[in-house]
Amino acid sequence: MVVAIANPRAPVFGKRGMVVSGHPTASLAGWKILEAGGSVVDAAVASAAVLAVVLPQSCTLGGDAFMLIYDGVQRTTVGLNASGPAPATCTVETFASGIPQTGPLSVTVPGVVAGWDAAHQRLGRLAWQEVLAPAISAAEQGFPVSRGLTAAIAQQRALLEADPAMAALFLPGGRTLAAGQILRQPALAATLREIAASGSQAFYSGRPATSLSLACQSRGGLLHSSDFHNYRPEWTEPLATRYRHVTVRTMPPNSFGLLLLLQLNVLEGFNLAGLSKDPATRLALLIGAARAAFGKGRRAIADPAFGQLPIAEILGPQATERLRAAARKAIVEIAEANRGGTALVSVADNVGNGVVLIQSIFHLFGSGVLDAETGVILNNRMTGFTTEAGHPNQVAPRKRPAHTLSPAMVFHEGHLRFLLGTPGGPGQTVTLTQVLTNLVDLGMDLEQAVETPRWSLDLAGKALVEHGIDDPVLARLHALGYQVERGPAGSLFFGSAEAIALLPGGVLCGAADGRREACVVGT
41 MVVAIANPRA PVFGKRGMVV SGHPTASLAG WKILEAGGSV VDAAVASAAV LAVVLPQSCT
101 LGGDAFMLIY DGVQRTTVGL NASGPAPATC TVETFASGIP QTGPLSVTVP GVVAGWDAAH
161 QRLGRLAWQE VLAPAISAAE QGFPVSRGLT AAIAQQRALL EADPAMAALF LPGGRTLAAG
221 QILRQPALAA TLREIAASGS QAFYSGRPAT SLSLACQSRG GLLHSSDFHN YRPEWTEPLA
281 TRYRHVTVRT MPPNSFGLLL LLQLNVLEGF NLAGLSKDPA TRLALLIGAA RAAFGKGRRA
341 IADPAFGQLP IAEILGPQAT ERLRAAARKA IVEIAEANRG GTALVSVADN VGNGVVLIQS
401 IFHLFGSGVL DAETGVILNN RMTGFTTEAG HPNQVAPRKR PAHTLSPAMV FHEGHLRFLL
461 GTPGGPGQTV TLTQVLTNLV DLGMDLEQAV ETPRWSLDLA GKALVEHGID DPVLARLHAL
521 GYQVERGPAG SLFFGSAEAI ALLPGGVLCG AADGRREACV VGT
């Protein structure tokens, strides 16, 4: 076995299987499941469940997930939408004063556990209990707190102090958990054991559903046990677009994946390879493509069950030409960027099967509501809605909000070539576009494509660049009229791209972004 941890300069090559995720413990758990004869879905779910334990600031059993799954034998791709809706008693009038960023009214129905179970029932090979065993162990026996978790606790201290259960877990004795300190979560371990014994129905119809709904209602929230009981994830057809010589597939709305395809459609009309020695102009086009895509596509990011969305129209040639024209114009700010909590796992095996699973509670520590009885932190995905009258994404009962989660797969000549994903809120598609154009247009190796300095967005919607982008490039962007600033070193805004390439001869290559604590394991 070869293991590389958070070092994109040292890609991992393998032949039998590969797992890359946002934490070393999760990647190792997924790899062990592959070694035990599990499918790529088994490995992805095992890793995802561990992530829900070791990255409580980013993803928990109280969050949502999206999955892309490729069958290398049948050569088919399916998507699984495991995002949850607003509570059934929610109305626009509930939020006449606006949707709160945190607290019990910011919570939607968690979908991730049902998503894991649905994927496993359809494509799993190992027993459900075996798949969840690593997560149970991590919660029960504990794990060393990472620097990232310590930093997130310090950043969100006020939110955590406002909830007694949160404070008890992450601020014992009033002190921030230190990196390397062992964190045990016995209540979460008990909940995971119930799920392992009885499947996701234990979560949605048993003690966890009752306890979580009471935790919300006792604080003034709307989530009810019937909201849990009535929830089902949805299998769906991925969206796709052609970019140069490859085909890119991602999740349809309510995912932001559409914005990735729109950016690529815009960039298809420009010779980015010819701009390899003109990084300022190339970066300006990337920013312009994102501005145009966000400006056109945001109104189409909504729950399709509540009205037809103009997906075919805005991916069509006429709309694409208008977007390309817009990309040439001066940049305006891209609004509504968020710094949030998201984690992902990608898995590939030696016969060409692949999974990209991304899950989140949205902002760091989600709603800030921790149910002490179940050990589950709830999401704040209600903030993905708008209260604007007539908007496709206007809040409504049983409706799913717009979701930033955007897994991607890239195909060449009908064969799976890359698995891609990243955390980073609305900046996810911005990061994925840059990694993809690095691979396709500039011919970079996987680790170069992930490591190369990039741009992103701050909380105010301003364009940021990493410190690895030279001063002359920044000066040239300013001269072109682009409002760009340097982002703080180590900023979460720039994501943490995690990628697997399926090379000729069945060889796998994985790269884990050094910007966070990602890890790739392969054999």
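Each residue of the sequence shown is one higher than the one before, starting from 41 at the first, in this note's numbering. Ideal Cβ positions, reconstructed from N, Cα and C, are used throughout, including at glycine. These numbers were taken from a predicted model, which means no experiment stands behind them.
Non-local beta-carbon contacts of phenylalanine 310 in its own chain, meaning distances under 6 Å to residues more than five positions away in sequence, involve Leu325 in chain order. Distances from the CA of tyrosine 244 to each of Arg289, Phe268 and Ile73 were compared; the closest alpha carbon is that of Phe268.
Valine 81 sits away from alanine 388, with the two beta carbons spaced by 9 Å or more. Comparing alpha carbon positions, the residue from Arg556, Ala178 and Val286 closest to leucine 189 is Arg556.
The alpha-carbon of alanine 122 is positioned some 27 Å away from that of aspartate 203. DSSP places glycine 119 inside the beta strand (DSSP E), whose first and last residues are 116-122. Rounded to whole angstroms, the separation of the alpha carbons of glycine 406 and glycine 70 is 25 Å. In summary, glycine 508 is exposed, with fewer than 16 beta-carbon neighbours lying within 10 Å of its beta-carbon over all protein chains present. Secondary-structure assignment with DSSP links histidine 443 through a beta bridge to Ser295. Approximately 7 Å separates the beta-carbon atoms of leucine 172 and isoleucine 235; this is inside 8 Å, confirming the contact. Excluding five sequence positions before and after glycine 78, the CB atoms of its chain that fall closer than 6 Å to its own CB belong to Arg165 and Leu166, given in chain order. Judged by DSSP in its simplified three-state form, histidine 518 adopts helix. Listed in chain order, the non-local C-beta contacts of serine 253 below 8 Å within the same chain comprise Leu263, His264, Ser265, Asp267 and Phe268, local neighbours out to five positions each way being set aside. Within the model, the alpha-carbon separation for glutamine 434 versus arginine 440 is close to 10 Å.
Restricted to the stretch 412-485, the alpha helix (DSSP H) segments that are unbroken, complete and at least 4 residues in length are 468-480, listed in chain order. Where histidine 160 is concerned, the enclosing alpha helix (DSSP H) starts and stops at 152-163.
Annotated as distal: methionine 107 and glycine 408, with beta-carbon spacing of 9 Å or more. Rounded to the nearest angstrom, the Cβ distance from leucine 301 to threonine 290 is 6 Å, consistent with a contact under 8 Å. Every unbroken stretch of the beta strand (DSSP E) spanning 3 or more residues and falling wholly within the stretch 529-561 is given here in chain order: 538-542 and 548-552. Shown here, proline 248 sits in a helix according to DSSP, grouped into three states. Distance between alanine 313 and arginine 364, taken at the CA atoms: about 17 Å. Secondary structure of histidine 403 (DSSP, three-state): strand. A Cβ-Cβ contact shorter than 9 Å links tyrosine 271 with alanine 154.
Residue ranges of uninterrupted beta strand (DSSP E) with 3 or more members, entirely inside the stretch 278-352 and ordered along the chain, are 279-283 and 286-290.
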